[in-house]
Ligand code: ACM
Ligand code: ZN
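In the working numbering, the protein residues as written are 123 to 897.
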């Protein structure tokens, strides 16, 4: 077991593994999510009996602790139906909440459970709050008059001080009550920063009294595009906003749950809704509509107009009154500079400031830094600090800025090297608007990507390329939820859960204590609490996990099936949908024929989603294969055997069904293990031009009897791709006069020079191949 179970010889004798398991065989388990740093089970102590006589006590006069006590009482009522009373003063019995200044970490806590009492001591009231969260999560949901809490000593504290979650309320709006539900969900996961993205091109969402038209003209768009900018619109006006009173109420609500609200006013880009209200702030003067499509608008604040600076001051002046947070987010991402390049006012500003481009930054990038630095100066004068997306590095960082790294980790690494604080929020690991399964057809429509729970869980925010000193600038981790394709709050929950549980261990747990399998075993239980809360969580982790491994010794495809909770798995090989009457999976399946494989797990009559694979055999399937040139490391997955495993990929090249070649050719030798007559080789490429992934440029087939001397039997060339060519799958069939051979060499060349029309022109492209079929 990976978690940190410490055996204390001083206060308790050591438990054997058996008695440890027995101790946790009650309906209480302190191994919650996030996993506490240290749990000691105390032997020779009777458990604490939690029943209606247990009183929750807090230090008299401490209103925050009183609030904590009320939270604990309401949580226990919610989970097991017991209503405990709350009293001031401390006692030697019952549950006692205490602030203990000797605990270093303000958010840290110690829980001691013995037969007469439970004591939760926190480094501050926030620490007590996290102790309460752990206690709450240790109970198994279900009505209970009396619960035995095993005697234990728990010590815990967070790894990162900044543990964030972001919500975009511009693309879709979620009313104040939903925002409170979101905050409750964050509290359950020990998140302590709520990053509230309040303005964007598609709608301004926060009342600014000195700028009333932000709401009257900037909060309701005419209609919304359908899908991924399809050109079709729903024809329905869409809007919503928060009053200042509502915002302040949410700040208070969050603070009670030890969550700081960090508002974001995204500038100078993502401002089209503000421009619809105040067109004079744009370079062209408008008129502008609130944007009805998704993407990055060219309409941005004019950086040469003094009125823009006044606007920023007016808005931020009211923002700081609503939001007491030390940090205010000023955006800074995705600000196209096209209009600034031709705007007389912007160009005059560049001249006036004496800005000149250099080899690192254009004049316009530096002009963006001027705007961000202006916002920073204003906020610093109010005693506040700024956070910005990593683009704020591009024209030179404002002096005190914290950088939120979203385009991967590069921006965060660069900022830390420059001595700036960093929040890691890379899209590759922490954009919860991405799909959480490969099975997109059965998912609510999403922006794209593929980010399963496991990928989130395995994220390590501390870049190895930084020195120990530089690593100190990595202050925290945050997941983001952009809501272009998330129209309802219920779908917000679906996209967040259970990825938020994985995030909470990235944010809270020390890396040496992390273990995905152990996490999953705890997650099964944790999800019972999601059910109590009525959350709309995603259930993919309960689906059948299928591993397909080609066995070149037996020439068969080995399929191993499992589930997170060892539920029974049923499968078919004839394409029919499995039921409880189908084959029950017992041990590894060995497949050597074409078939359609389907599997489900069934819990209390409820089926998981179906895993489906079409397995297609050729003379190359499960045969020994060696690569003569390397596979690209980033997309190597299971390596060369992927090409002969009988499994095809779909249009997503990141699923593991495809492997990539970059700079060098695919050059493989397949040993057919006996002489075979062959006349055809098939392969498919997956093209995604925007990601520098292109079709093959040539292929060559060579045959040999001994694996040493090869003879070319077919060669083909493929054209350079055009800008208008579609993405997706490209099938190639190479036929030649039938010939006998034992070894087949296949050479396939990627695009070595990306065409002129492409942003990556002149560079190497990637080649993705899923399977080589020989017949
Ligand atoms: C971002 O995702 N544009 C910060
Ligand atoms: Zn301008």
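Glycine is no exception: its CB is placed at the ideal position from the N, C-alpha and C atoms. These numbers come from a predicted model, not from an experiment.
So what does DSSP say about residue i, is it helix, strand or coil?
i, result
"residue 142", "The predicted position of residue 142 is uncertain, since its pLDDT is 36 and thus under 50; a value taken from the coordinates is nonetheless stated next. Here residue 142 sits in helix by DSSP."
"residue 881", "coil"
"residue 796", "strand"
"residue 235", "strand"
"residue 493", "helix"
"residue 511", "strand"
"residue 588", "coil"
"residue 772", "coil"
"residue 471", "helix"
"residue 841", "coil"
"residue 662", "helix"
"residue 694", "strand"
"residue 898", "Nothing about residue 898 can be reported from this structure: the residues present for the chain run from 123 to 897 only."
"residue 197", "helix"
"residue 598", "strand"
"residue 553", "strand"
"residue 506", "coil"
"residue 886", "coil"
Could you spell out the range, first to last residue, of the alpha helix (DSSP H) harbouring residue i?
i, result
"residue 323", "No alpha helix (DSSP H) contains residue 323, which DSSP labels as neither H nor E."
"residue 533", "532-539"
"residue 359", "Premise fails: residue 359 is in no alpha helix (DSSP H) and is neither H nor E."
"residue 394", "394-399"
"residue 373", "366-378"
Cα separation between residue i and residue j?
i, j, result
"residue 345", "residue 788", "49 Å"
"residue 633", "residue 832", "50 Å"
"residue 289", "residue 494", "22 Å"
"residue 638", "residue 579", "7 Å"
"residue 588", "residue 409", "47 Å"
"residue 278", "residue 222", "14 Å"
"residue 616", "residue 415", "24 Å"
"residue 692", "residue 722", "6 Å"
"residue 704", "residue 844", "49 Å"
"residue 378", "residue 192", "11 Å"
"residue 809", "residue 669", "26 Å"
"residue 357", "residue 348", "10 Å"
"residue 824", "residue 577", "40 Å"
"residue 651", "residue 265", "13 Å"
"residue 743", "residue 698", "24 Å"
"residue 657", "residue 571", "24 Å"
Is it buried or exposed for residue i, if we count other Cβ within 10 angstroms and need 16 for buried?
i, result
"residue 451", "buried"
"residue 773", "exposed"
"residue 350", "exposed"
"residue 413", "buried"
"residue 867", "buried"
"residue 252", "buried"
"residue 600", "buried"
"residue 490", "buried"
"residue 324", "buried"
"residue 712", "exposed"
"residue 229", "buried"
"residue 385", "buried"
"residue 879", "exposed"
"residue 672", "buried"
Could you pull the start and end residues of the beta strand (DSSP E) that residue i belongs to?
i, result
"residue 860", "850-871"
"residue 269", "268-271"
"residue 158", "Per DSSP, residue 158 belongs to no beta strand (DSSP E) and is neither H nor E."
"residue 441", "Note, residue 441: premise wrong, no beta strand (DSSP E); alpha helix (DSSP H) at 428-444."
"residue 287", "284-290"
"residue 249", "No beta strand (DSSP E) contains residue 249, which is instead part of the alpha helix (DSSP H) from 247-260."
"residue 179", "178-180"
"residue 477", "Unbroken run through residue 477: none, as it is neither H nor E."
"residue 265", "Residue 265 -> no beta strand (DSSP E), and no H or E assigned at all."
"residue 725", "717-725"
"residue 296", "Note, residue 296: premise wrong, no beta strand (DSSP E); not H, not E."
"residue 686", "It is not in any beta strand (DSSP E) - residue 686 carries neither H nor E in the DSSP assignment."
Taking 7 Å as the cut-off, is the beta-carbon of residue i closer than that to any non-hydrogen atom of the ligand GTP?
i, result
"residue 872", "No copy of the ligand GTP occurs in the structure displayed; its ligands are the ligand ACM and the ligand ZN alone."
Would you say residue i lies against chain B (beta-carbon separation less than 8 Å)?
i, result
"residue 712", "Among the chains in the structure shown there is no chain B, since it carries only a single protein chain."
- Could you name the residues, in chain order, whose CB is less than 7 Å away from a heavy atom belonging to the ligand ACM? 455, 456, 511, 528, 549, 602, 604
- Query: In chain order, what residues have a CB nearer than 7 Å to some heavy atom of the ligand ZN?
  - Reply: 405, 424, 425, 426, 427, 461, 462, 465, 467, 468
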